[in-house]
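Enquirer: Got a structure for you, questions after.
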Amino acid sequence: MTATPTSSALSLEFSSLPFSAEILEVVRELGYEKLTPIQAQSIPKLLEGRDLIGQSKTGSGKTAAFSLPILENLDLRGRRQLQALILCPTRELCTQVAREIRKLGRRHAGLQVLILAGGSPLFTQLGALEKGVHIAVGTPGRIIDHLSRRTLDLRSVKTVVLDEADRMLDMGFQEDMEHILSQTPTNRQTVLFSATFPRMIEAMSRAYQKSPVRVTIADEAGERAPQIQQYIYEAELDDKFKTLVYLLKKNATGSAIIFCNLKATCAELARTLSNHGVSAEAIHGDLEQFERDRVMAKFRNGSTRLLIATDVAARGIDVENLDAVYNFDLPSTPDVYTHRIGRTGRAGKKGIAISLVLPKQAARVRDLEEQTGVTFIREKVSNLEGVEVALMTEELGEAGAEAKMETLHISGGRKDKVRPGDILGALTGEAGGLAAKDVGKIEIHDRFAYVAVAKHVARDALQALTDGKIKGRKFRIHLVQ
């Protein structure tokens, strides 16, 4: 993968690029003069036909960065053929992208841009496809629907753009994205934009891109460096739980893993926290696989805020956007410590690692510092004497440790041909009526599926899926407790 030198100070003008007179005229009319950093580094490479993987934020000018080269290379002569396909995670983003392309391409006589997403009748999309379009902007679910109906032919596509690719992966669209890519020519140009670069994005780039140019803007790159503040809090054995609750309340983290050395400690912590309204689940070696699947699905999608785990049970757990790691028990080795805390502070976000230690463990802490090269921030919790731990735990639940999402279990999965787009469509379509922002991560297993929905619409979502159909079929639906 080619790395592009990063420089947010780079300020090319649009007129310096080899665009047609039509595009330059539109750019001038829109008041665009200088390229944004993501445009300056992406557009020249895309005009050359290179594959590209870029990190971008909302408002960075990313849409114009991939749209202008597509418009420049369009062939509008003769019969209309689909030449560019842009995948977006939601109908709303599809609409925004299509609107921007139409605006930038308004001097392209006869340009046809079609949105392929839920929310518009299928028959109107079929009519437009029969007449022919140059650019399609769609969600993975609706694209798959058209492919299965043989109403969409991707054999003439020259450029595929995966916009907000990490979000599409979070929503469970990996298989759909891969199937769609497999239906396009192997000599296509593949462009991937993502706010973060998790492992699945890197793997997808390796599988579907050819020597891609990597574009990361300098100020964004700085934000991506691991930033983990590492604290040591000393507590007597009888005060450890009280100290943990105090710290959870003080730090008000979104999601966190709490590591314990024993299964019994995990179970006891989870039980005590849950009994006081705190969103917590334990994962350890005694859990059956279906229980582990349930616990991890809820934690990944935000229905559970705190995961309490042993090291053995936590192997293979890779959760994006983890705010904090707590070591309720000090780990046995420096390697285990490093592995535990490495789950936070990723993708440019700050992370917190807090270890509770007994006074007699001071020498172990010094050894840990020496072997890891870290200087811990040493803190003490004072004024906890006389504080009722039950009251403090209830206050923790009231202070925001309750999850903002709930999980629905659907009795149909991959073997039933259920895809994430089918579930999303059932929830956000006319029958469901939910906003896309209230639907979270969707996980499809062989015989069942999980979908996270915002807590305030959970009952409505349950009713909509219970009363309605997914892919034309009825499935059993229940809230996961």
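Just so you know, we're using this note's numbering here: the sequence shown kicks off at 338 and counts up by one. Ideal Cβ positions, reconstructed from N, Cα and C, are used throughout, including at glycine. Just so we're clear, the structure is a prediction, and the values are computed from it rather than from any experiment.
1) Starting from residue 512, follow the alpha helix (DSSP H) in both directions and report where the run begins and ends.
2) Is the region 756–767 in contact with the region 611–627, if contact means three or more CB pairs nearer than 8 Å?
3) Cutting at 7 Å between CB atoms, please list the residues of its own chain near residue 780, excluding the five before and the five after it.
4) In chain order, what residues of the same chain have a beta carbon less than 8 Å from the beta carbon of residue 458, not counting five sequence neighbours either side?
5) Buried or exposed: which applies to residue 632, given that a residue is buried once 16 or more other Cβ atoms fall within 10 Å of its Cβ?
6) Do three or more CB pairs link the region 469–481 to the region 421–438 at distances below 8 Å?
7) So is residue 524 buried or exposed if we call it buried at 16+ other beta carbons inside 10 Å?
8) What does the alpha-carbon distance come out to for the pair residue 611 and residue 604?
9) Using 8 Å as the cut-off, can you tell me whether the region 444–463 makes contact with the region 514–531, which would need three or more C-beta pairs spanning the two stretches below that distance?
10) Give the list of continuous beta strand (DSSP E) stretches no shorter than 3 residues that lie fully inside the region 530–596.
11) Excluding the 5 residues flanking residue 357 on each side, which residues of the same chain have their C-beta closer than 8 Å to its C-beta?
12) Taking residue 694 and residue 667 to be in contact with their CB atoms under 8 Å, please state how far apart those CB atoms are, rounded to whole angstroms.
13) Looking at C-beta atoms only, is the number of pairs between the region 373–381 and the region 398–406 that lie closer than 8 Å three or more?
14) With a 10 Å radius around its C-beta and 16 neighbouring C-beta atoms as the bar for buried, classify residue 500 as buried or exposed.
15) Taking 8 Å as the cut-off, decide whether the C-beta atoms of residue 797 and residue 771 are in contact.
16) Anyone know if the C-beta pair for residue 380 and residue 406 falls short of 8 Å?
17) Unbroken beta strand (DSSP E) runs of length 3 or more, entirely within the region 676–714: which are they?
18) Measure the C-alpha to C-alpha separation of residue 641 and residue 566 and round it to an integer number of angstroms.
19) Which of the three DSSP states, helix, strand or coil, is assigned to residue 416?
20) Spatial neighbours of residue 497 within its chain, please: C-beta separation below 6 Å, excluding the five flanking residues on both sides.
21) Does any heavy atom of the ligand PLP sit closer than 7 Å to the C-beta of residue 477?
22) Grab me the residues of residue 574's own chain with a C-beta within less than 8 Å of its C-beta, minus the 5 sequence neighbours each way, in chain order.
23) From residue 810 to residue 349, what distance separates their C-alpha atoms?
24) Since residue 390 and residue 546 are thought to touch, with beta carbons under 8 Å apart, how far apart are those beta carbons, to the nearest angstrom?
25) Distance check for residue 507 and residue 420, CA to CA, integer angstroms please.
26) Go to residue 788, then tell me how far its beta strand (DSSP E) extends in each direction, as first and last residue.
27) Return the first residue and the last residue of the alpha helix (DSSP H) that residue 612 is part of.
28) Could you say which of 628, 645, 621 lies nearest to residue 609 if we only look at CA atoms?
29) In three-state terms, what does DSSP make of residue 483?
30) Let me know the alpha helix (DSSP H) ranges lying completely inside the region 419–483, each 4 residues or longer, listed in chain order.
31) I believe residue 689 touches residue 588 by the beta-carbon criterion, under 8 Å. Please report the beta-carbon distance rounded to the nearest angstrom.
32) Sorted by chain position, which residues of the same chain lie with C-beta nearer than 6 Å to residue 557's C-beta, five sequence neighbours on each side aside?
33) On the DSSP letters alone, give me the boundaries of the beta strand (DSSP E) that residue 743 sits inside.
34) Below 7 Å CB to CB, which residues in the same chain sit around residue 719 once its five sequence neighbours on both sides are set aside?
35) Contact criterion: CB-CB distance below 8 Å. Does residue 383 meet it with respect to chain D?
36) Return the chain-ordered list of same chain residues with a C-beta closer than 7 Å to the C-beta of residue 637, the five sequence neighbours on each side being excluded.
Expert: The short version:
1) Here residue 512 corresponds to residue number 175 of the sequence shown, with the count starting at 1. Residue 512 -> alpha helix (DSSP H) spans 511–519.
2) no
3) Within the sequence shown, residue 780 is the residue found at index 443, counting from 1. Cβ neighbours of residue 780 beyond the five flanking positions: 509, 634, 786, 787.
4) What you label residue 458 is simply residue 121 of the sequence shown in a count that begins at 1. Taken in chain order, the list of residues that qualify is empty.
5) The count along the sequence shown starts at 1 and reaches residue 632 at position 295. The residue in question, residue 632, is buried, as its Cβ has 16 or more Cβ neighbours within 10 Å.
6) yes
7) Sequence index remark: in the sequence shown, residue 524 carries index 187 (1-based). Counting Cβ neighbours within 10 Å, residue 524 comes out exposed, since fewer than 16 surround it.
8) Translated into the one-based positions of the sequence shown, residue 611 becomes position 274. Translated into the one-based positions of the sequence shown, residue 604 becomes position 267. The alpha-carbon atoms of residue 611 and residue 604 are separated by roughly 11 Å.
9) no
10) 550–552, 564–571, 593–596
11) Residue numbering aside, residue 357 sits at position 20 when the sequence shown is read from its first letter. Around residue 357: 409.
12) By 1-based counting over the sequence shown, the position of residue 694 is 357. By 1-based counting over the sequence shown, the position of residue 667 is 330. At roughly 6 Å, the Cβ-Cβ gap stays under 8 Å, so residue 694 and residue 667 are in contact.
13) yes
14) Working through the sequence shown from its first residue, we reach residue 500 at position 163. It counts as buried.
15) Translated into positions along the sequence shown, residue 797 becomes position 460. Translated into positions along the sequence shown, residue 771 becomes position 434. For residue 797 and residue 771, yes; Cβs fall inside 8 Å.
16) What you label residue 380 is simply residue 43 of the sequence shown in a count that begins at 1. What you label residue 406 is simply residue 69 of the sequence shown in a count that begins at 1. Cβ atoms of residue 380 and residue 406: closer than 8 Å.
17) 687–694
18) As a position in the sequence shown, residue 641 is number 304, starting the count at 1. As a position in the sequence shown, residue 566 is number 229, starting the count at 1. Using only the alpha carbons, I get a separation of about 23 Å.
19) For this step, residue 416 is matched to residue 79 along the sequence shown. DSSP places residue 416 in coil when its eight states are reduced to three.
20) Here residue 497 refers to the residue found at position 160 when the sequence shown is read from its first residue. Within the same chain, residue 497 has close Cβ partners 422, 521, 525, 527.
21) Ligands are entirely absent from the displayed structure, and the ligand PLP is therefore not among its contents.
22) Locating residue 574 in the sequence shown gives position 237, where the first residue counts as 1. Same-chain partners within the cutoff: 695.
23) Reading the sequence shown from its first residue, position 473 is the one you call residue 810. Reading the sequence shown from its first residue, position 12 is the one you call residue 349. Going from the Cα of residue 810 to the Cα of residue 349 covers about 54 Å.
24) Translated into the one-based positions of the sequence shown, residue 390 becomes position 53. Translated into the one-based positions of the sequence shown, residue 546 becomes position 209. Going by Cβ atoms, the distance from residue 390 to residue 546 rounds to 7 Å, so yes, they are a contact pair.
25) Taking the first residue of the sequence shown as 1, we reach residue 420 at position 83. Taking the first residue of the sequence shown as 1, we reach residue 507 at position 170. Approximately 27 Å, taken between the alpha carbons.
26) As a working mapping, residue 788 is identified with position 451 in the sequence shown. First-last of the beta strand (DSSP E) with residue 788: 786–791.
27) In the sequence shown, residue 612 corresponds to position 275, counting from 1. Residue 612 -> alpha helix (DSSP H) spans 600–612.
28) Walking along the sequence shown from the start, residue 609 turns up at place 272. The option with the nearest alpha carbon to residue 609 is 645.
29) Here the question's residue 483 lines up with position 146 in the sequence shown. Helix at residue 483.
30) 428–441, 459–468
31) Mapped onto the sequence shown, residue 689 falls at position 352. Mapped onto the sequence shown, residue 588 falls at position 251. Confirmed, Cβ separation roughly 6 Å.
32) On the sequence shown, residue 557 is found 220 positions in, with the first residue counted as 1. Note on residue 557: pLDDT 45, under 50, position unreliable in the model; the coordinate value appears next. Contacts found: 392.
33) Within the sequence shown, the letter at position 406 stands for residue 743. Element bounds for residue 743: 742–747.
34) Start at 1 with the first residue of the sequence shown, and residue 719 comes out as number 382. Cβ within range, chain order: n/a, list empty.
35) In the structure shown, chain D cannot be found, because there is only a single protein chain.
36) Locating residue 637 in the sequence shown gives position 300, counting from the first residue. Within the same chain, residue 637 has close Cβ partners 656, 778.
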